[in-house]
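Asker:
There are 2 protein chains.
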Amino acid sequence: MNSEIAGLTAVLGPEVTKVLDPAVARAWLALLTAYGRVTRALSSELMDASGMSLADFDVLAQLARSEGHALRMSELADAVLISKSGLTRRIDRLAINGWVTRRRCTEDGRVHWATLTPLGLRTFKSVAPAHLAAVAERFGSALPAGELERFTRDLLKVAAKNAEPSQS
Amino acid sequence: MNSEIAGLTAVLGPEVTKVLDPAVARAWLALLTAYGRVTRALSSELMDASGMSLADFDVLAQLARSEGHALRMSELADAVLISKSGLTRRIDRLAINGWVTRRRCTEDGRVHWATLTPLGLRTFKSVAPAHLAAVAERFGSALPAGELERFTRDLLKVAAKNAEPSQS
DNA sequence: ACGCAATAGTTGCACTTGCAAACATTTTGG
DNA sequence: CCAAAATGTTTGCAAGTGCAACTATTGCGT
């Protein structure tokens, strides 16, 4: 989604600028555009190179960096920002590829652990460098190094302001 | 998608930092998190308040700010960053609500104009202020005013680096 | 004029998603 | 102990999405 907001004073009247500062509107539009274009490009590059979606990559990355290469379903769902039902089916698909397995937890039978298989780990390792290089190229190389920290801090402030977890 | 990248040197080895600077990785993660949380929140607020999705809002906004409150299907698809087929069906749904109509162009029969109806315009006008206020609150208010311009500029650089249009 | 490439939009299809309800298991309170 | 609430995950279902194939219309080259 793009959420074009600029140029609406003509239809909404000049009062809008009181509710949404035009400079903020421009920033928001810039964020949406940057996000949309970069993820679109990364997504198709990753799909071409490995047949996995960005969301699949996220799941593998989360598991790869976790203790025992395993996470509970809900932890994982929170980490990759999709709904729990969405994760159930994403794990189904990854399991079909042989990249993850699902194991019921012995201590608490409600809990299921999604676990990276050795094949999943190898696949992730083989795919990650090119994907990370693409992130560096499409995102990192556009940003002045000197402003990176500040830029990140601002984004984290936005993220923090909108914290609060989990879905059905 | 979240694309968690931080904390992968343990599994990928320290060479990764040569392909993707950790500071860039943090920035990227921050962008994904901020985007995900804000859009999730805005989307559900907008849906609750008006029954329209963020994508619907985008379409109405684009039409509202256009000459004659109308755009060609493909122009509109480009503007809101969805595929042409996606737009066809989005317009179908908006038409069912009575918010837009579709008219074949008299000069070029291939072209169809999506046009905002008076009802669509009224609806947009009634919904927009609260949505824009939510953008101001969730996004704008998190950002230090003094850094806004720089922040926007950086995002536009990223967007510019990844320019190039349109889908099937 | 005529056929053929180009352009604009729509449809068939397969896939992904989220919500709400269902299911399974554990925890809690009497 | 046991019913009821709480917790974790999966399923039924009803969207929404993109791609490739299709239809409709126009414009070009001869």
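So the protein sequences, as listed, match chains A and B.
Anchor point for the first sequence: position 24 equals 40 in our numbering, and the numbering is continuous, going up by one each time.
Anchor point for the second sequence: position 130 equals 146 in our numbering, and the numbering is continuous, going up by one each time.
Just so you know, even glycine gets a beta-carbon here, dropped at the ideal spot from N, CA and C.
Output yes or no for whether 8 Å exceeds the beta carbon distance between L110(A) and D72(A).
Answerer: Going by C-beta atoms, L110(A) is nearer than 8 Å to D72(A).
Asker: Report buried or exposed for R81(B), applying the criterion of at least 16 other Cβ atoms within 10 angstroms of its Cβ.
Answerer: Answer is buried; the Cβ neighbour count reaches 16.
Asker: My understanding is that L36(B) touches L148(A), with C-beta atoms under 8 Å, so please give their C-beta distance in whole angstroms.
Answerer: Going by Cβ atoms, the distance from L36(B) to L148(A) rounds to 4 Å, so yes, they are a contact pair.
Asker: From A152(B) to T122(A), what distance separates their C-alpha atoms?
Answerer: Straight-line Cα distance between these residues: approximately 47 Å.
Asker: Spatial neighbours of S66(B) within its chain, please: CB distance less than 6 Å, with the 5 preceding and 5 following residues excluded, ordered by chain position.
Answerer: Excluding sequence neighbours, S66(B) sits near V143.
Asker: Between M164(B) and A43(A), which are expected to be in contact by the criterion C-beta below 8 Å, what is the C-beta distance as a whole number of angstroms?
Answerer: Met is not the amino acid found at residue 164(B); the sequence shown has Leu there. Yes, they are in contact, since the Cβ atoms of L164(B) and A43(A) sit about 6 Å apart, within 8 Å.
Asker: Can you tell me whether W115(A) is helix, strand or coil according to DSSP?
Answerer: Three-state result, W115(A): coil.
Asker: Determine which residues share a DSSP beta bridge with W129(A) and list them.
Answerer: Partner(s): R88(A) and R119(A).
Asker: Counting only beta-carbon separations shorter than 8 Å, does W115(B) have a partner in chain A?
Answerer: No, W115(B) does not count as interfacial toward chain A.
Asker: Residues of the region 136-154 of chain B in Cβ contact with chain A at a cutoff of 7 Å, in chain order, please.
Answerer: So the close ones are K141, A144, P145, L148, A149, V151, A152 and R154.
Asker: Can you check whether the CB of A95(B) is closer than 8 Å to the CB of A50(A)?
Answerer: No, they are not a contact pair.
Asker: Starting from T49(A), find everything on chain B with Cβ-Cβ shorter than 7 Å and list it in chain order.
Answerer: Residues of chain B passing the Cβ test: A175.
Asker: When you check each C-beta in the region 25-44 of chain A against every C-beta of chain B, which residues fall closer than 7 Å?
Answerer: Hits within the stretch, in order: A26, V27, L28, V32, V35, L36, D37, A39, V40, R42, A43 and W44.
Asker: Which residue wins for smallest C-alpha separation from E83(A), given the options K177(B), A150(B) and G23(B)?
Answerer: Among K177(B), A150(B) and G23(B), the Cα nearest to that of E83(A) is on G23(B).
Asker: Comparing the C-beta of G52(A) with each C-beta of chain B, is any distance below 8 Å?
Answerer: Chain B, which has a Cβ nearer than 8 Å to the Cβ of G52(A), makes this yes.
Asker: For G156(B), go through chain A and note every residue whose CB falls closer than 8 Å to its CB, in chain order.
Answerer: Near G156(B) (Cβ distances below 8 Å), the residues of chain A are L36, D37, V40, A43 and W44.
Asker: Considering Cα atoms alone, identify which of L62(A), K177(A) and R88(A) is closest to R120(A).
Answerer: Answer by Cα proximity: R88(A).
Asker: Any Cβ of chain A within less than 8 Å of the Cβ of L87(B)?
Answerer: No, L87(B) does not count as interfacial toward chain A.
Asker: Name, please, each residue of chain A whose Cβ falls closer than 7 Å to the Cβ of A57(B).
Answerer: Result: N178.
Asker: Grab me the residues of H128(A)'s own chain with a C-beta within less than 6 Å of its C-beta, minus the 5 sequence neighbours each way, in chain order.
Answerer: These residues qualify, in order along the chain: M89, R118 and R120.
Asker: State the Cα-Cα distance for the pair P38(B) and R126(A), rounded to the nearest angstrom.
Answerer: P38(B) and R126(A): Cα-Cα distance of roughly 37 Å.
Asker: Taking the straight line between their C-alpha atoms, what separation do you get for S69(A) and P30(A)?
Answerer: The straight-line gap from Cα to Cα measures roughly 43 Å.
Asker: Is the Cβ of T133(B) closer than 8 Å to any Cβ of chain A?
Answerer: No, no contact with chain A.
Asker: Mind checking which residues open and close the alpha helix (DSSP H) that includes E153(A)?
Answerer: First-last of the alpha helix (DSSP H) with E153(A): P134 to R154.
Asker: Taking the CB atoms as reference points, tell me whether V116(B) and G136(B) lie closer together than 8 Å.
Answerer: Contact flag set, yes.
Asker: What does T168(A) touch in chain B if you count any residue whose Cβ is under 8 Å from its own?
Answerer: Here the neighbours are A39, R42, A43 and A46.
Asker: Please list, in chain order, the chain B residues whose beta carbon lies closer than 7 Å to that of G23(A).
Answerer: Those within 7 Å of G23(A) in chain B are R81.
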